[in-house]
Every structure is written in structure tokens, then in C-alpha cells.
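Contents: one structure, followed by commentary.
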Amino acid sequence: MNESNESNELTQERVNAFLNILRKSGICNMYGARPYIQEAFDVNKYDALRYLSVWMNDYDFERD
């Protein structure tokens with residue numbers, strides 16, 4: 043795999059960083075974040091929901 047492909051590889055960490063920024067922006071309720079993931083990362087609704095679900099399970103809401 044060449045280096046440029048590795049930097050463009052979609053990972054949970056990249057989506058998590060995006061979701062953290064989205065949450066802080068207040069643009070949407072995080073339950074409605076799936077379409078934002080789809081648009082930002084060009085994934086289908088099922089993959090977007092999977093990324094969102096992992097983020098929600100891992101996010102420390104009590105810390106806010």
C-alpha cells in the first residue's frame with residue numbers, strides 16, 4: 043500500500059475526530075449525525091451508523 047492511500051484510509055479514529063468537532067460545533071444533535079458522516083466520508087448509511095454507534099459507545103458523556 044502506498045503512503046498516500048494510508049493517509050486517506052478511513053478509520054474509526056478519523057471519524058471520531060470529525061464527530062468530536064461536530065459535537066462541539068453544536069450544528070446538530072449527535073443522534074442526527076449519520077448524514078454528516080455520510081457526506082464527509084462518502085460512506086453509506088449503514089457504515090455511517092456503525093461509526094456513529096462506536097463513537098457513542100466510547101464517548102464519555104459524563105465528562106461534559
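Under the working numbering, think of the first position of the sequence shown as 43, with each following residue one higher.
Virtual Cβ for every residue (Gly too), placed ideally from N, Cα, C.
- Judged by their CB atoms, residue 87 and residue 76 are nearer to each other than the 8 Å cut-off.
- Distance from residue 57 to residue 93 at the Cβ level is roughly 4 Å; contact confirmed, criterion being Cβ atoms closer than 8 Å.
- A distance below 8 Å separates the beta carbons of residue 96 and residue 54.
- Residue 98 and residue 80 have their alpha carbons spaced roughly 16 Å apart.
- Annotation for residue 88: the continuous alpha helix (DSSP H) segment containing it runs 87-100.
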